[in-house]
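Q:
Residue numbers (UniProt numbering), protein chains in the order written: chain D, 1 to 274; chain F, 1 to 274; chain S, 1 to 274; chain B, 1 to 274.
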């Protein structure tokens, strides 16, 4: 296991090409947010927009439209009960699952629609739905972001077994599609096709609802944008960025709210772009 | 009567344990907010989240969902007209009553559902409902936060009699459950099972609508989180924190809005954590 | 005509009494905001709350509830289509008219309900409704805040004639109730029962929609709160405060948004309280 | 082609006349924002208000009203499904098209209603609708703000041909009404009746959704307000201001959100007013 270090930031976060337009930095589709969990997709979107995604659309319960626009006019919205196939296919990165609740229908429709070249990030309730209903993973570039209990459900690797890297590697190899695994825990581990990394920053100031939704949004933003890096590197940089900002905030704060982390993204990323 | 001093903060607000996750810092359920008084639960939730509660859910009138998410995507929402029993039982701290209006049905359902190990904070209109309908208190760890008129209704101790501590102590002893009493007034008094404390900070810059809703939210956040302290100490620290932040703001402001106090919590608490 | 000077601020804005609670600083009821003009009552309320009113309730179109709570959880809301009589009678200061549109029914109901001891501030569309329908003024302490065209409609004094103070004084004397007149123009004039004042501060940075709604809200907040001053003095101090803050902001800004002026109230007022 | 320089700012942004009221700075009507693209008109309006327009009304889907008021109480709202003719005729500047989607009916109704003296700015989906349905341009002072693909649709000049100024000039001459063309690209070009200008500031930090909506809003605000400048000069100053603010923000930020640019307008404009 390799330590994940600040070096990943200068490797991934590059000065933007001069001749760029919004399409250059990717189209992100966020799918989630039932009535009860609308905040989850708001936090996804705040993170993705502030991380620099070119265009962000949120497919969610229409009850969440106003709250999204109240904080983030930069995002577009669409009813997640409408036909999503064409919408999914017109985006580069799909983030599905934060606050998705029990909407198995939406998850299946999305998985069926995606193409191999797309990046699909599966988070939150979508992971539990995959496990409960024995779904195949989408035929795409796949990133999954379970915490330990979700990983147990999805992989069958018990939390005790998860301490042994080999179990996690083996489980990934058994997927119908090889994922990049972000295994969230005290020291989050990232399993890429080539290596395993451990995050040694971050802290208990981050232990509050919404932190994972924000991480998923940063991953989406980085995946959409840093196409010169490998997807693995983009994910690694997103994971590092998320906790590095939190640690900066924790210098003067007892807790670090997820929405504050998103607000700090443009300033933080500037320090590493070159 | 003992003066409540800044010492309570260092006693209660501790450096967070390194191996923590959001569940470590408690699940808070806020119940209240009829259509007319939706702001009350928003202020409850802003306070609880910023105080560091791990997970915060607001059970309220669905008309309030968008306003909650517009300010606080970190909170989850649920319709308070739905079946609340299971929801109540899955939380560690229940704060009920801010802006609850005349919803006796919700109050009864909640009181019936709680377990002895849970912390229940009863605030605002819930106190008047208890008095009017002669309800038994819930069989839980109980905190009540009346102002003087509400205390008179609840206990039968007139405002004049309240000047004598013995009347208040006796009234608490007559409850079917021994409460921690936060008796809000010029110098707020806190009656714990062992001692009586008086708050000597705070001031008229705090005299505006929503101040009590914010206090109740801080109490909920502290109760959820500072499980190594006694509940009494957590309540005492919450009461002190609320007015100490207000006094800091009042150095440069004529009045101190409740929502501003909540925003200052992470920075303020950092100074005392060790 | 006397110049209105900064002296009015130290005369009116007093250090708050130590033994105070929210009721001490008055209950303000704001009535207005049809669907199209919901922003008007939001600006009323932002001003009144930040000016220090103890309790603020907004009676408006229910479509505006969420936007109010999204910015100002400290305010309560009520449907202005419901029976307003009892509500009106339970408040100390009534501000009616900002964004009221053509709701003559609400204006009549309010005027009929008020008591002589209440302060009623009539602003915006309510002034035009009074003129068009030849309504009697409410039997209360009356403040009216017309711009020049509205004053012409209400009083019959043409804009040309308004340059002569005597016409305005005479028109006020002809009201069934003697008002305090805030006549908004290049140099706003305030006609009190005893004197006429002219405001010599403020500037074209204030020339934008919502400026009058904010002024009306500050007047309401000051009237509710500074009961030791005369109502005339409270109005004078509110008018001065509104433009003084704008002028401060204009040191570094080309225009001064009404909502920014409200945000500055607590800090500004602190400088004068003693 | 002339470079567009900072000089345009001191030429256009003038110290406001002392005797001014909100009408002096123009009435702006923004038309757009279907349910899915509500954020577009919010960004239009944030820009127009902060740029200093006297009065701003947004005609949009009623589902967007609350989000508009949550961020910008200074704007008025109206249902864009209602009769717009009279509304259009009572405004000085009409900005139509941001997030208008496929609402051809609204576009036609607006074009039919405008007078020659009005300024009409056509943006976003309205440009595609004009091209698809071969609409005549409105008989007004016309500003159009296409990106290169939209310009190809509208004018028939292919993106390759657009590199040659003469093709663009010729296409403008063929319009039934001579437009001011803001051709958005790497170095945005502005075709006025007399000259062609090129913008040499701005950068890829601006490459994100909503940037064009914000530019259109600034143009509307400047057109409404700087009536002593020619319309061409007002448009030129708006284009320069938009990117100059972004470049300032980019000193410390990796990306510059459209809503942040709007927030900086009052401070930025102050530096040039004299």
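Just so you know, even glycine gets a beta-carbon here, dropped at the ideal spot from N, CA and C.
1) Given this structure, state the Cα-to-Cα distance separating residue 232 of chain S from residue 123 of chain S, to the nearest angstrom.
2) With respect to the alpha helix (DSSP H) encompassing residue 6 of chain F, which residues constitute its N-terminal and C-terminal limits?
3) Quick check: is the beta carbon of residue 161 of chain B nearer than 8 Å to any beta carbon in chain D?
4) Using a Cβ-Cβ cutoff of less than 6 Å, which residues in the same chain neighbour residue 48 of chain B once the five nearest sequence positions on both sides are dropped?
5) Rank F:33, F:253, F:268 by C-alpha distance to the C-alpha of residue 269 of chain S and give the top, closest one.
6) Which bits of chain F does residue 24 of chain S rub up against, with CB to CB less than 7 Å?
7) Work out the CA separation of residue 191 of chain B and residue 133 of chain B for me, nearest whole Å.
8) Kindly indicate which three-state DSSP category residue 191 of chain F falls into: helix, strand or coil?
9) Thinking residue 256 of chain B and residue 249 of chain B are a contact (beta carbons under 8 Å), I'd like their distance in whole angstroms, please.
10) Spell out whether any CB of chain F is found under 8 Å from the CB atom of residue 55 of chain S.
11) Assuming residue 120 of chain B and residue 85 of chain B are in contact, meaning their beta carbons sit under 8 Å apart, how far apart are those beta carbons, in whole angstroms?
12) What residues from chain S crowd round residue 66 of chain D, counting only those whose CB sits closer than 8 Å?
13) Output needed in chain order: residues of the segment 34 to 45 of chain S with a Cβ under 8 Å from some Cβ in chain B.
14) Is it buried or exposed, residue 213 of chain D, if we count other Cβ atoms within 10 angstroms and call 16 or more buried?
15) For the beta strand (DSSP E) that contains residue 30 of chain D, what are its first and last residues?
16) Taking the straight line between their C-alpha atoms, what separation do you get for residue 108 of chain B and residue 131 of chain D?
17) Does the contact criterion of 3 or more C-beta pairs under 8 Å hold for the segment 98 to 107 of chain B versus the segment 16 to 35 of chain B?
18) Please look up how many angstroms separate the CB atoms of residue 208 of chain S and residue 54 of chain B, rounded, as I've assumed it's under 8 Å.
19) Out of D:237, D:247, D:225, D:258, state which residue places its alpha-carbon closest to the alpha-carbon of residue 24 of chain D.
20) Can you tell me which residues form a DSSP beta bridge with residue 60 of chain S?
21) Among the residues of its own chain, which have a CB less than 8 Å from the CB of residue 184 of chain F, if the five just before and after it don't count?
22) Of the choices D:205, D:1, D:45, whose alpha-carbon is the least far from that of residue 247 of chain D?
23) Which class does residue 122 of chain B belong to by DSSP, given the choice of helix, strand or coil?
24) Do the segment 258 to 265 of chain F and the segment 7 to 16 of chain S meet, that is, are 3 or more Cβ pairs less than 8 Å apart?
25) How would you call residue 179 of chain S, buried or exposed, if buried means at least 16 neighbouring beta carbons within 10 angstroms?
26) For residue 137 of chain D and residue 157 of chain B, what's the separation of their Cα atoms in angstroms?
27) Name, please, each residue of chain C whose Cβ falls closer than 7 Å to the Cβ of residue 243 of chain D.
28) Quick one: is residue 1 of chain B near chain S, going by C-beta distance under 8 Å?
29) Looking at residue 74 of chain B and residue 258 of chain S, is the spacing between their C-beta atoms short of 8 Å?
30) Determine the closest residue to residue 142 of chain S out of S:116, S:164, S:21, with distance taken between C-alpha atoms.
31) Starting from the Cα of residue 243 of chain S, find the closest Cα among S:261, S:90, S:172, S:67 and give me that residue.
32) At a Cβ threshold of 8 Å, is residue 16 of chain F touching chain D?
33) Would you say residue 258 of chain B lies against chain S (beta-carbon separation less than 8 Å)?
34) Quick check on residue 21 of chain F - is its C-beta less than 8 Å from some C-beta in chain S?
35) Cα-Cα, which of D:181, D:176, D:79 is closest to residue 168 of chain D?
36) Roughly how many angstroms lie between the CA atoms of residue 77 of chain S and residue 60 of chain F, to the nearest whole one?
A: Reading it off the structure:
1) 17 Å
2) Where residue 6 of chain F is concerned, there is no enclosing alpha helix (DSSP H), given that its DSSP letter is neither H nor E.
3) Contact with chain D is absent for residue 161 of chain B, since none of that chain's Cβ atoms lies less than 8 Å from the residue's Cβ.
4) 28, 56, 217, 220, 221
5) Among F:33, F:253, F:268, the Cα nearest to that of residue 269 of chain S is on F:253.
6) 207
7) 24 Å
8) strand
9) 4 Å
10) Cβ-Cβ to chain F under 8 Å: yes for residue 55 of chain S.
11) Going by Cβ atoms, the distance from residue 120 of chain B to residue 85 of chain B rounds to 14 Å, so no, they are not a contact pair.
12) What residue 66 of chain D touches in chain S: 66.
13) 35, 36, 37, 38, 39, 40, 42, 43
14) buried
15) 27 to 31
16) 52 Å
17) Between the segment 98 to 107 of chain B and the segment 16 to 35 of chain B there are three or more inter-stretch CB-CB distances shorter than 8 Å, so the stretches are counted as touching.
18) 6 Å
19) D:225
20) S:79
21) 145, 146, 147, 148, 212, 215
22) D:205
23) strand
24) By the Cβ test, the segment 258 to 265 of chain F is not in contact with the segment 7 to 16 of chain S, since fewer than three Cβ pairs between them sit closer than 8 Å.
25) Residue burial annotation: residue 179 of chain S is buried, with at least 16 other C-beta atoms found within 10 angstroms of its C-beta.
26) 45 Å
27) Of the chains in the structure shown, none is chain C; the protein chains are D, F, S and B.
28) no
29) yes
30) S:116
31) Cα-wise, what sits closest to residue 243 of chain S is S:261.
32) yes
33) In terms of beta-carbon proximity, residue 258 of chain B stays away from the interface with chain S, with every pair separated by 8 Å or more.
34) no
35) Measuring from the Cα of residue 168 of chain D, the nearest candidate turns out to be D:181.
36) 15 Å
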